[in-house]
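Residue 50 in full-length UniProt numbering is what sits at position 50 of the sequence shown, and the numbering runs on without skipping anything.
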Amino acid sequence: MKLFPHGHATHPQWRMAAGLVLAQLRAHMALPDYASAPALGLLYITDHYAADAQDILDHLSGELPEVTDWSGTVGIGIAANNVEYVDEPALSVMLCDLPADQYRVFSGVAPLGLGFEAHTALVHADANTPDLTELVAEMAQRTDTGYLFGGLASSRSRSVQFAVGGNGNIKGHGAARGVFSGGLSGVAFGGGVPLVSRVTQGCQPITATRVVTASDANLVLELDGEPALDVLLRDLGVNLEQPQEALGRVRATLVGLTRAAVGDAVVRTAHFGSDVVVRHIIGLDPTRKGVAIGDNVEVGTRLAFCQRNVAAARADLVRICAEIREELEPEELSVELATALAAPEAESAPHPARRIAGAVYVSCTGRGGNHFGGPSAELQIVRRALGDVPLVGFFAAGEIARQNLYGYTGVLTVFTDARP
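Here you go:
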């Protein structure tokens with residue numbers, strides 16, 4: 001598998017930004033280590049360009065006729081190799097060189113058909129879609145592995161998704177031009193497209209993990225048999241007799257939930273794994289001694305109060321990058337691979353010996369460079385830890401991994417070379 005051509009740019013006029021991106025893509029496609037005629041394009045734009053989404057897609061499709069399939073969405077920020085564009089007009093593109101029978105672009109007008117056996121899927125979704133959690137879980141069940149990766153579009157204006165499939169649309173929707181609002185879209189991949197994906201958490205538990213022993217929809221009533229509100233106030237060291245201080249501490253606190261299987265033991269650790277989803281505390285019920293959160297909670301769910309933690313987020317991001325590199329590196333390094341991995345950052349460049357053709361990174365709008373210490377700091381951490389590889393992505397209103405919707409996380413997925 002050759003490297004995926006990629007390009008990114010910012011400019012007040014989208015045509016100028018598109019011209020810069022096209023120049024980068026064509027320069028890559030002329031290099032021997034890069035794919036020369038990839039057919040699948042991943043396109044991410046910031047919401048500054050949302051009103052021009054159809055024109056952008058039409059322009060790129062016209063300039064790159066070899067690219068027959070497109071997928072992507074909008075974000076208040078987008079990601080590229082070593083840089084993020086937040087609150088500025090920008091676009092980021094990566095062209096994936098994959099076998100035509102190993103992927104399918106899907107959308108509302110071109111749903112994933114029975115003739116394609118999906119192994120994994122990149123999913124973009126509209127946060128305003130009814131029953132979104134159930135739709136994501138249903139989509140995961142339609143894959144062999146149950147693994148999805150992606151996120152919810154984020155925009156201060158129009159929320160759009162890109163979905164153009166070379167296999168066409170369903171009957172009656174032939175006039176659809178590839179830009180949609182609402183629902184789910186993305187790319188399903190067959191078993192012949194090897195991927196490695198990891199979730200990195202942005203929050204750290206500040207209390208012990210407890211078991212929900214009574215609940216009513218999204219209202220947690222008891223934790224380990226005690227009133228949930230009493231437990232929260234005690235853990236935070238506040239009381240409702242000083243409401244201003246108490247509410248300030250509560251607003252800075254979130255909950256980490258783990259859906260426990262039957263017979264699971266309660267694990268009390270100092271960090272969250274990828275099985276934990278973080279949700280907001282949205283209210284307190286002094287009458288019922290309950291804590292309302294932004295999700296329905298079943299009895300038996302494990303719950304820990306948590307807070308956003310910059311140091312923990314940085315360390316966890318480095319960890320998942322290291323795990324991906326270790327999984328891809330063979331026990332015995334070739335001279336070519338050892339040289340590529342040992343190259344100083346200033347001299348390094350995307351290299352097929354790294355066995356990563358390209359990467360997609362979806363991060364939360366609550367993360368980004370400012371959360372990590374400065375502009376583009378998050379993507380710079382990824383580059384230093386993972387290596388210099390082609391990369392695109394966006395900052396989402398919620399992240400998708402496996403069958404779950406996350407918050408305050410990053411989902412890093414790499415397309416790999418399957419050579420032993």
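Note that the Cβ used here is the ideal one computed from N, Cα and C, for glycine as well. All values reported here derive from a predicted model rather than from experimental measurement.
Excluding five sequence positions before and after Gln242, none of the CB atoms of its chain fall closer than 6 Å to its own CB. Each of Thr133, Asp126, Ala39, Thr73 was checked against the Cα of Arg104, and the nearest Cα belongs to Ala39. Every beta strand (DSSP E) of 3 residues or more that sits fully in the stretch 150–234 is shown, in chain order, as 161–164, 184–189, 195–201, 203–205, 210–216, 219–223. A residue is called buried once 16 or more other Cβ atoms fall within 10 Å of its Cβ, and Glu117, having fewer, is exposed. Nearest to Val196 by C-alpha distance, out of Glu378, Arg383, Tyr361, Gly7, is Tyr361. By the neighbour-count criterion, in which 16 or more other beta carbons inside 10 Å mark a residue as buried, Asn370 falls on the exposed side.
Taking Gly373 as reference, the option from Arg314, Arg384, Arg142, Leu95 with the minimal CA-CA separation is Arg314.
Here the alpha carbon of Asp97 sits roughly 57 Å from the alpha carbon of Pro286. Closest in C-alpha terms to Ile324, from the list Thr413, Phe395, Leu284, comes Thr413.
Contact between the stretch 26–38 and the stretch 139–149 is not established, with fewer than three Cβ pairs separated by less than 8 Å. Thr133 sits in a helix when the DSSP states are folded into three classes. Secondary structure note for Met94: it is in no alpha helix (DSSP H), and the uninterrupted beta strand (DSSP E) holding it is 90–96. Ranked by how close their Cα comes to the Cα of Phe189, the residues Pro99, Asn218, Ile45 have Pro99 in first place. DSSP places Ile76 in the coil class of the three-state scheme, outside both helix and strand. As DSSP reads the structure, His371 sits in no beta bridge. With 16 or more other CB atoms across the displayed protein chains lying within 10 angstroms of its CB, Ser92 is buried.
Your pair Asn309 and Gln204 checks out as a contact, with CB atoms roughly 4 Å apart and the cut at 8 Å. With contacts defined by Cβ atoms closer than 9 Å, Pro375 and Pro5 do not form a contacting pair.
Taking the C-beta atoms as reference points, Phe415 is found nearer than 9 Å to Met1.
Closest in C-alpha terms to Asn404, from the list Gln13, Val199, Val220, Ala385, comes Val199. According to the DSSP assignment, Gln307 belongs to no alpha helix (DSSP H) but to the beta strand (DSSP E) extending over 302–308. With at least 16 other beta carbons inside 10 angstroms of its own, Gly183 counts as buried. Between the stretch 59–67 and the stretch 144–158 there are fewer than three C-beta pairs closer than 8 Å, too few to call the two in contact. In this structure the stretch 13–28 does not lie against the stretch 118–131, because fewer than three pairs of beta carbons, one per stretch, are closer than 8 Å. When secondary structure is reduced to three states using DSSP, Arg104 falls in the strand class.
Ala312 counts as buried, since no fewer than 16 other beta carbons sit within 10 angstroms of its beta carbon. Sequence-distant partners of Arg259 (beyond 5 residues in either direction) whose C-beta falls short of 7 Å from its own C-beta, in its chain, are Thr301.
Around the beta carbon of Ser157, a 10 Å sphere encloses fewer than 16 other beta carbons of the protein chains shown; the residue is thus reported as exposed. For the stretch 31–62, the continuous beta strand (DSSP E) assignments of 3+ residues that do not extend past its boundaries occur at 40–46, in sequence order. Assigned with DSSP and collapsed to three states, Leu64 falls in coil, not helix or strand. By the neighbour-count criterion, in which 16 or more other beta carbons inside 10 Å mark a residue as buried, Gln161 falls on the buried side.
Apart from sequence neighbours up to five positions away, the residues of its chain that approach Leu317 with a beta-carbon distance below 6 Å are Thr200, Ile381, ordered along the chain. Cβ-Cβ distances below 8 Å link Glu66 to Ala37, Pro38, Ala39 in the same chain, with the five nearest sequence neighbours on each side left out; the list follows chain order.
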